[in-house]
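Engineer: Handing you a structure now.
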Amino acid sequence: MALEMNFLALTCVCSLLTAMISVIVLMQKKKSEKKIRKKLPPGDMGLPWIGETMEFYKAQRKNRLFEEFVQTRRAKYGKIFKTRLMGSPTIVVNGADANRFFLSNEFKLVISSWPSSSVQLMGKDSIMEKQGEAHRCLRRVIASSLSCAVLEAMVPKICHSVESHLNKYWHNKDQISLYRVTKILTFTIVFECLLGINVEQEMLGMFERVLEGVFAAPFAFPGSKFSRAKRARKEIEKVLVDIVREKKNEMEGGLEGGEREGTLLAQLVAGMIRGEISEEEVVDNVVLLVFAAHDTTSFAVAMTFRMLAHHPNCFSLLLRENNDILSKKRDGEKLTVEDTKKMKYTWQVARESMRLFPPIFGSFRKAIADIEYEGFVIPKGWKVLWTTYGTHYIEDYFPDPLAFNPSRFEEPIQPYVFLPFGGGPRVCAGYQLAKLNILIFVHYVVTRYDWSLQYLDEPIIMDPLPFPSQGMPISISPKLL
Ligand code: HEM
């Protein structure tokens with residue numbers, strides 16, 4: 012009897028064990044099947060380490076990233092594909108859904124990721140390197156200097172800067188380089204109107220040298236782009252540290268020029284006095300803002316004029332809109348924010364120009380967890396590249412995408428389709444200022460000057476941002492009023 016009981020117990024244990032093992036094996040099988048199903052996106056990782064970097068740079072330099080890099084791979088692999096760029100395994104994503112997913116999940120699934128050279132030159136304390144709460148805190152300070160009330164008060168200052176600029180660089184000239192002189196203007200507007208700092212003659216040159224090294228290999232050997240850029244960054248730092256300390260002294264001494272003046276520099280220094288941000292953070296963010304603001308806006312202005320030259324009918328409509336606004340002004344009266352709100356067609360033209368020629372082609376993020384997306388897995392640590400072209404040039408979003416048609420912006424555009432200013436928590440903080448800059452500049456030029464492009468199809472190159480290769484020479488003559 013006892014023997015029978017033992018045998019029964021043993022049989023039960025064995026069956027239990029068998030059942031448990033079967034369940035474990037089944038679970039393992041399911042897990043590995045799931046893993047296989049959630050595979051990496053298709054694509055070619057290219058050569059070891061270097062990957063497809065050369066192809067990427069080659070296409071970027073000619074401003075043909077979409078046609079020669081993104082589109083060819085998209086046609087072969089689909090909307091999401093893998094590659095290797097600058098040593099990092101990278102997933103390139105395209106389309107509104109992917110833009111929404113990756114851009115709105117900043118800090119949760121991805122964080123922005125810049126090359127080491129950019130971080131060293133912009134500074135490790137700039138907003139682009141801040142994550143989570145630190146980012147929100149800094150963004151609040153920057154946003155408070157770009158609020159509607161501050162921008163409204165800034166309009167006459169921008170008008171003044173534009174008028175002085177025209178007097179200095181356009182007056183008595185019959186030819187100018189539109190892109191080059193606009194850069195001086197946008198640089199001056201950021202410094203004088205936004206930051207409240209007077210521009211010294213040699214500053215633009217220093218910033219240009221830094222920009223040249225932002226995407227260069229981070230090797231500081233004598234004569235390299237990067238070492239030149241680092242030296243220029245040090246010179247800028249020296250100038251800015253003096254300005255910041257002077258501002259701090261003024262504000263602590265209760266002298267004129269306190270936080271109430273609303274300039275971004277005053278807001279940042281106020282944060283420094285309250286102990287919320289450090290001197291390095293103030294300097295790094297001033298540097299970043301100058302970069303974020305001036306090349307991008309000048310390129311947008313240049314491309315707006317290029318498109319107007321190609322499309323005389325659009326130019327007539329735009330001119331009529333601006334002449335109507337001018338006709339309601341007294342002699343010498345400056346524009347107001349209300350006037351800029353009436354420039355609806357002008358803004359459609361500028362947006363359509365930025366759709367075709369986005370000043371920023373996209374940017375990199377880094378996965379901070381394994382991400383599952385559309386049946387694929389993006390491993391933690393991999394980069395994600397979203398691009399403006401990935402939606403701007405796609406028929407599903409913009410019918411006849413290569414045609415210039417400003418009226419497509421008469422209707423609201425669905426979210427995450429039109430992205431010259433990015434999206435999600437890192438959407439451009441200076442969007443409204445850029446809009447004002449562009450509208451006010453276009454208004455003054457078209458109402459005061461007759462102009463024509465010297466080269467209708469001047470090649471656009473990128474180094475590292477896009478620009479017209481000849482600086483966009485135009486012939487000008489003042490209008491007979
Ligand atoms: C036409 C002009 C401009 C374009 C096309 C543009 C484009 C962009 C884009 C695409 C981003 C997002 C980058 C990313 O997601 O990684 C961005 C961010 C940013 N932009 Fe602009 N920008 C322009 C003008 C300006 C101006 C005038 C300012 C400053 C006053 C500015 C300040 C910033 C800042 C501070 C950020 C970083 C935001 C953050 O990380 O939270 N931008 N811009």
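Under the numbering used here, the sequence shown has 15 at position 4, and the numbering climbs by one with no breaks.
The beta carbon of each residue, even a glycine, is placed where N, CA and C say it ideally should be.
Give a single yes or no on whether Ser374 has its beta carbon closer than 6 Å to a heavy atom of ligand 1.
Structural biologist: At least one heavy atom of ligand 1 is nearer than 6 Å to the Cβ of Ser374, so yes.
Engineer: Can you name the residues that DSSP bridges to Phe92?
Structural biologist: DSSP output for Phe92 lists Val103 as bridge partner(s).
Engineer: Measure the alpha-carbon distance for Val453 versus Ile336 and round it to whole angstroms.
Structural biologist: Cα-Cα distance, rounded: 13 Å.
Engineer: Taking all protein chains shown into account, decide if Lys340 is buried (16 or more other Cβ within 10 angstroms of its Cβ) or exposed.
Structural biologist: Under this definition Lys340 is an exposed residue.
Engineer: Quick check: what's the CA-CA separation for Asp185 versus His176?
Structural biologist: Approximately 15 Å between the Cα atoms of the pair.
Engineer: For ligand 1, I want to know if Ala361 counts as a neighbour, meaning its beta carbon is within less than 6 Å of at least one of the ligand's heavy atoms.
Structural biologist: No, since every heavy atom of ligand 1 falls outside the 6 Å radius drawn around the Cβ of Ala361.
Engineer: Quick one: is Leu450 buried, meaning 16 or more other Cβ sit within 10 Å of its Cβ, or exposed?
Structural biologist: Counting Cβ neighbours within 10 Å, Leu450 comes out buried, since at least 16 surround it.
Engineer: Does the separation of the CB atoms of Thr197 and Ser309 fall below 7 Å?
Structural biologist: Contact: yes.
Engineer: What separation, rounded to the nearest whole angstrom, lies between the Cα atoms of Gln212 and Val457?
Structural biologist: Cα to Cα, Gln212 sits roughly 28 Å from Val457.
Engineer: On the premise that Ser156 lies in contact with Gly57, defined as a C-beta separation below 8 Å, what is that separation, rounded to the nearest angstrom?
Structural biologist: The pair is not a contact, with the Cβ atoms about 44 Å apart (cut-off 8 Å).
Engineer: If we call anything under 7 Å between Cβ atoms a contact, is Trp393 one with Phe113?
Structural biologist: It is not a contact, given that the beta carbons lie outside the stated cut-off.
Engineer: At which residue ranges does the segment 291 to 345 contain complete alpha helix (DSSP H) runs of 4 or more residues, listed in the order of the chain?
Structural biologist: Those alpha helix (DSSP H) runs which fall completely within the segment 291 to 345 and span 4+ residues are 323 to 338.
Engineer: Have a look at Gly106 and Val201 and give me their C-alpha separation to the nearest angstrom.
Structural biologist: Taking the straight line joining both Cα atoms gives about 33 Å.
Engineer: Taking just the CA atoms, how far does Thr64 sit from Asp295?
Structural biologist: Taking the straight line joining both Cα atoms gives about 29 Å.
Engineer: I'd like to confirm something about Ile138: is its beta-carbon nearer than 6 Å to some heavy atom of ligand 1, or not?
Structural biologist: Yes, the beta carbon of Ile138 sits closer than 6 Å to at least one heavy atom of ligand 1.
Engineer: Taking just the CA atoms, how far does Lys69 sit from Ala361?
Structural biologist: C-alpha separation (whole angstroms): 28 Å.
Engineer: Please classify Trp462: does DSSP put it in a helix, a strand, or coil?
Structural biologist: It is a strand residue.
Engineer: Do the segment 161 to 176 and the segment 460 to 467 meet, that is, are 3 or more Cβ pairs less than 8 Å apart?
Structural biologist: No contact exists between the segment 161 to 176 and the segment 460 to 467.
Engineer: Just curious, the beta strand (DSSP E) that Gly98 is in, first and last residue?
Structural biologist: Counting along the chain, Gly98 falls outside any beta strand (DSSP E), and DSSP gives it neither H nor E.
Engineer: Beta carbon of Lys93, beta carbon of Gly54: below 7 Å?
Structural biologist: Yes, the Cβ-Cβ distance between Lys93 and Gly54 is below 7 Å.
Engineer: Can you give me the start and stop residues for the alpha helix (DSSP H) that Met133 sits inside?
Structural biologist: First-last of the alpha helix (DSSP H) with Met133: 127 to 133.
Engineer: Check each candidate in Gly216, Ile382, Glu421, Ser238 and name the one with the smallest Cα separation from Phe226.
Structural biologist: Ranking Gly216, Ile382, Glu421, Ser238 by Cα distance to Phe226 puts Ser238 first.
Engineer: Can you say whether Val438 is buried or exposed, counting buried as having 16 or more other CB atoms within 10 angstroms of its CB?
Structural biologist: With fewer than 16 other Cβ atoms within 10 Å, it is exposed.
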